[in-house]
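Colleague: Structure below; questions to follow.
Number of protein chains: 2
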Amino acid sequence: MAKTRLSRETLLPLLAAHVLENGLNDASLRPLAKAAGTSDRMLIYHFGNKQALVAALLEYLAAMFAASLDSAFPPGRADTRRACVEQVLEITGQPAFQQFFRLWWDIVAGCAAGNRAYLQAAGSIMDMLLQWVTDHLPADDPDPQTGARLVLTQIEGAQMLAAIGREDIGKGGLSALET
Amino acid sequence: MAKTRLSRETLLPLLAAHVLENGLNDASLRPLAKAAGTSDRMLIYHFGNKQALVAALLEYLAAMFAASLDSAFPPGRADTRRACVEQVLEITGQPAFQQFFRLWWDIVAGCAAGNRAYLQAAGSIMDMLLQWVTDHLPADDPDPQTGARLVLTQIEGAQMLAAIGREDIGKGGLSALET
DNA sequence: AGCGCGATGTAGCACTCGCTACAAGGCGTC
DNA sequence: GACGCCTTGTAGCGAGTGCTACATCGCGCT
Chain D
0 MAKTRLSRET
10 LLPLLAAHVL
20 ENGLNDASLR
30 PLAKAAGTSD
40 RMLIYHFGNK
50 QALVAALLEY
60 LAAMFAASLD
70 SAFPPGRADT
80 RRACVEQVLE
90 ITGQPAFQQF
100 FRLWWDIVAG
110 CAAGNRAYLQ
120 AAGSIMDMLL
130 QWVTDHLPAD
140 DPDPQTGARL
150 VLTQIEGAQM
160 LAAIGREDIG
170 KGGLSALET
Chain C
0 MAKTRLSRET
10 LLPLLAAHVL
20 ENGLNDASLR
30 PLAKAAGTSD
40 RMLIYHFGNK
50 QALVAALLEY
60 LAAMFAASLD
70 SAFPPGRADT
80 RRACVEQVLE
90 ITGQPAFQQF
100 FRLWWDIVAG
110 CAAGNRAYLQ
120 AAGSIMDMLL
130 QWVTDHLPAD
140 DPDPQTGARL
150 VLTQIEGAQM
160 LAAIGREDIG
170 KGGLSALET
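For the protein sequence lines, the chains are D and C, in the order given.
Each residue of the first sequence is one higher than the one before, counting from 0 in numbering that gives the first Met the number 0.
Each residue of the second sequence is one higher than the one before, counting from 0 in numbering that gives the first Met the number 0.
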């Protein structure tokens, strides 16, 4: 019966899978527990309360996302800022990333509602992305710091527009980005 | 006791006020009813079910938002695309708009989760904004259609970053927008 | 073997959710 | 006044919420 002891480490991958599939903000203990093959009782036992569980889950998911990004992108730099935006949008548009973005907008909504754990998680994810964009900007970029911020803002705007079904707007403006 | 008959028209402003204050995605009938001075029973009676209530509320809120935008902005055009972005960010950063954006991220999260009513509402709001940006672009803009898309995407990216407490990123890239 | 303690199952609490059954109120029409 | 209908109040249903009390299981240690 595979009676392996439960722990945060064995639980988190299963919980993450469920949350990626079904969203974060209205995930409740019993469905989460079922997905992990246990009971709500045990989730509370191992994490203390739901808030702590969600915090642990966020950390785990952020690490998953970072790993996915690293493995999905070629190591080199883009030729132009615009190419950098396009490259990111193309890769993050793949189905494997869609689940993450579904989650991302749950997190943003939570941030807008004042959820501190979400704010912290979102901030560090953005720091990671900013660093990543900086590293993938053209080597001859005249101002990588400012450029990375412009590029990241453009990417996020395009992704929000994609989330509401208007990717035409986000992609339609790209040709106006200086090469 | 001011026994005015209830109707969607008398209810919607009160419901909208409650939702602007407390968020949309986890608004439930009883608090909504209390805010409107009535009972959940009557909300269902007048709107049929919660889904229809939310749809009506979205429409009402979109009209409110459009009116707020129109009255908050000066009628003229911006001098540059960058100035257009900055002008919008400055005005929508005012406290009066914060409630709307809190709601907006609830809507985006709902869109990402596949909510059709949200998708439709979000799409038409974006159409409105795109038109608005087009009308406020510099008169000599070489390609208003593309420019408006670039500007709107940049605005939305900056607003998402502001929602998660990182407005520094959104505004930090602006100086790299061609004048 | 027996003890101790962390891990787990069962059952349940008090609460909220969207929604409904039923009956009564209020008002216009004849 | 009497009828009829739109509107409203009271109460409650069945399901789901986060969380807890209590008892038991099973493993490691002596």
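Think of the CB as a built atom: it goes at the ideal place given N, C-alpha and C, for glycine as much as any other residue.
(1) Nearest by alpha-carbon distance to D:P73: which of D:A26, D:E177, D:K170, D:E89 is it?
(2) Specify, as a first and last residue, the run of the alpha helix (DSSP H) that D:E166 falls within.
(3) Does DSSP put C:R7 in a helix, a strand or coil?
(4) Name the residue from C:A157, C:G169, C:R76 whose alpha carbon lies nearest to the alpha carbon of C:A138.
(5) What is the DSSP secondary structure of D:R40, reduced to helix, strand or coil?
(6) How many Å lie between C:Q144 and D:I163 at the Cα?
(7) Given a limit of 7 Å on CB to CB distance, which residues of the stretch 94–110 of chain C reach chain D?
(8) By Cβ distance below 7 Å, which residues in the same chain neighbour C:W104 in space, the five residues on each side in sequence not counted?
(9) Inspect the beta-carbon positions of C:Q54 and C:A116 and report whether they are closer than 8 Å.
(10) Inspect the beta-carbon positions of D:V107 and D:V150 and report whether they are closer than 8 Å.
(11) If you draw a straight line from the alpha carbon of C:M159 to that of D:G92, how long is it in whole angstroms?
(12) Report back the beta-carbon spacing between D:A181 and C:R101 to the nearest angstrom; my notes put them in contact at under 8 Å.
(13) Would you mind giving the Cβ-Cβ distance between C:I154 and C:V87, rounded to the nearest angstrom? I have them listed as a contact below 8 Å.
(14) Using the Cα positions of C:L52 and C:S174, report the straight-line distance between them to the nearest angstrom.
(15) If you draw a straight line from the C-alpha of D:D25 to the C-alpha of C:L60, how long is it?
(16) Beta-carbon of C:R29 versus every beta-carbon of chain D: anything under 8 Å?
(17) For chain D, is any of its Cβ atoms less than 8 Å away from the one on C:L10?
(18) Taking all protein chains shown into account, do 16 or more other C-beta atoms lie within 10 angstroms of the C-beta of C:Q50, making it buried, or fewer, making it exposed?
(19) Spatial neighbours of C:A1 within its chain, please: CB distance less than 7 Å, with the 5 preceding and 5 following residues excluded, ordered by chain position.
(20) Please state the DSSP three-state secondary structure of C:P94.
(21) State the Cα-Cα distance for the pair D:T179 and D:E177, rounded to the nearest angstrom.
(22) Since I believe C:A147 is in contact with C:L129 (beta carbons under 8 Å), could you give me their beta-carbon distance rounded to a whole number of angstroms?
(23) Buried or exposed: C:G172, going by 16 or more other Cβ atoms within 10 Å of its Cβ?
(24) Label D:G156 either buried or exposed according to how many other C-beta atoms from any shown protein chain fall within 10 Å of its C-beta, with 16 as the threshold for buried.
(25) Excluding five sequence neighbours on each side, which residues of the same chain lie with their C-beta closer than 6 Å to the C-beta of C:M125?
(26) What residue from D:T152, D:T37, D:Q98 has the CA that sits closest to D:L5's CA?
(27) What residue range does the alpha helix (DSSP H) around D:E155 cover?
(28) So what's D:L19 in DSSP terms, helix, strand or just coil?
(29) By the 8 Å beta-carbon criterion, what residues does the stretch 126–150 of chain D contribute toward chain C?
(30) Skipping 5 residues on each side, what residues in its chain have a beta carbon closer than 8 Å to that of C:S123?
(31) Does the beta carbon of D:E155 come closer than 8 Å to any beta carbon on chain C?
(32) Does any residue of chain D have a CB that is nearer than 8 Å to the CB of C:G92?
(33) Determine whether the Cβ of C:S174 lies closer than 8 Å to any Cβ atom of chain D.
Modeller: On the basis of the coordinates in this document:
(1) Translated into positions along the first sequence, residue 73 of chain D becomes position 74. For the residues D:A26, D:E177, D:K170, D:E89, the minimum Cα distance to D:P73 belongs to D:E89.
(2) The residue labelled residue 166 of chain D in the question sits at position 167 within the first sequence. Per DSSP, D:E166 belongs to the alpha helix (DSSP H) from 166–171.
(3) The residue you call residue 7 of chain C lines up with position 8 of the second sequence. Here C:R7 sits in helix by DSSP.
(4) Here residue 138 of chain C corresponds to residue number 139 of the second sequence, with the count starting at 1. Measuring C-alpha to C-alpha distances from C:A138 to each of C:A157, C:G169, C:R76 identifies C:R76 as the nearest.
(5) Against the first sequence, residue 40 of chain D aligns to sequence position 41. DSSP places D:R40 in the helix class (H, G or I) of the three-state scheme.
(6) In the second sequence, counting from the first residue as 1, residue 144 of chain C sits at position 145. In the first sequence, counting from the first residue as 1, residue 163 of chain D sits at position 164. Distance from the CA of C:Q144 to the CA of D:I163, rounded to the nearest whole angstrom, comes to 20 Å.
(7) Hits within the stretch, in order: F100, R101, W104, D105, V107, A108, C110.
(8) Residue 104 of chain C sits at position 105 when you count from the first residue of the second sequence. If we look at C:W104 and ignore the five residues flanking it on each side, its Cβ neighbours are A162.
(9) One-based indexing of the second sequence puts residue 54 of chain C at position 55. One-based indexing of the second sequence puts residue 116 of chain C at position 117. Position check: residue 54 of chain C holds Ala in this sequence, whereas Gln was assumed. Contact flag set, yes.
(10) Taking the first residue of the first sequence as position 1, residue 107 of chain D is located at position 108. Taking the first residue of the first sequence as position 1, residue 150 of chain D is located at position 151. In this structure, D:V107 lies away from D:V150, with their beta-carbon atoms at least 8 Å apart.
(11) Within the second sequence, residue 159 of chain C is the residue found at index 160, counting from 1. Within the first sequence, residue 92 of chain D is the residue found at index 93, counting from 1. If I take the Cα positions, the gap works out to 19 Å.
(12) Here chain D covers residues 0 to 178 and nothing more, so residue 181 of chain D does not appear.
(13) Counting from one through the second sequence, the residue named residue 154 of chain C turns up at place 155. Counting from one through the second sequence, the residue named residue 87 of chain C turns up at place 88. Cβ atoms of C:I154 and C:V87 come within 8 Å of each other, at about 5 Å.
(14) Reading the second sequence from its first residue, position 53 is the one you call residue 52 of chain C. Reading the second sequence from its first residue, position 175 is the one you call residue 174 of chain C. Between the alpha carbons of C:L52 and C:S174 lies a gap of roughly 43 Å.
(15) As a working note, residue 25 of chain D is residue 26 in the first sequence. As a working note, residue 60 of chain C is residue 61 in the second sequence. Their Cα atoms are separated by approximately 23 Å.
(16) Here residue 29 of chain C refers to the residue found at position 30 of the second sequence. Judged by the 8 Å Cβ criterion, C:R29 is not in contact with chain D.
(17) The count along the second sequence starts at 1 and reaches residue 10 of chain C at position 11. Not one chain D Cβ lies under 8 Å of C:L10.
(18) Stepping through the second sequence from its first residue, residue 50 of chain C is reached at position 51. Exposed, since its Cβ has fewer than 16 Cβ neighbours within 10 Å.
(19) As a position in the second sequence, residue 1 of chain C is number 2, starting the count at 1. Residue placement at C:A1 is flagged as unreliable, the pLDDT there being 36, under the threshold of 50; a coordinate-derived value is accordingly withheld.
(20) Here residue 94 of chain C refers to the residue found at position 95 of the second sequence. In the structure shown, C:P94 sits in a helix (DSSP, three-state: H, G or I).
(21) It is not possible to answer for residue 179 of chain D, since the shown part of chain D is limited to 0 through 178.
(22) Here residue 129 of chain C refers to the residue found at position 130 of the second sequence. Here residue 147 of chain C refers to the residue found at position 148 of the second sequence. In this structure C:L129 touches C:A147 by the C-beta definition: roughly 6 Å separates them, less than 8 Å.
(23) Along the second sequence, read from residue 1 onward, the residue named residue 172 of chain C stands at position 173. Counting Cβ neighbours within 10 Å, C:G172 comes out buried, since at least 16 surround it.
(24) Against the first sequence, residue 156 of chain D aligns to sequence position 157. D:G156 sits buried, since 16 or more C-beta atoms from the chains shown fall within 10 Å of its C-beta.
(25) Position 126 of the second sequence, counted from the start, is the residue given in the question as residue 125 of chain C. Correct list: empty, nothing qualifies.
(26) The sequence position of residue 5 of chain D within the first sequence is 6, counting from 1. Ranked by how close their Cα comes to the Cα of D:L5, the residues D:T152, D:T37, D:Q98 have D:T37 in first place.
(27) Translated into the one-based positions of the first sequence, residue 155 of chain D becomes position 156. Residue range 143–162 is occupied by the alpha helix (DSSP H) that includes D:E155.
(28) Counting from one through the first sequence, the residue named residue 19 of chain D turns up at place 20. Look at D:L19 here: in three-state DSSP terms it is helix.
(29) Near chain C, meaning a CB-to-CB distance below 8 Å, the residues of the stretch 126–150 of chain D are L129, D142, Q144, T145, G146, A147, R148, L149, V150.
(30) If you number the second sequence from 1, residue 123 of chain C lands on position 124. So the list reads A61, once near-sequence residues are dropped.
(31) Taking the first sequence and counting its residues from 1, one reaches residue 155 of chain D at position 156. True, the Cβ-Cβ gap to chain C drops below 8 Å.
(32) Position 93 of the second sequence holds residue 92 of chain C. Taking 8 Å as the CB threshold, C:G92 stays off the interface with chain D.
(33) On the second sequence, position 175 is the one that residue 174 of chain C refers to. So yes, C:S174 belongs to the interface.
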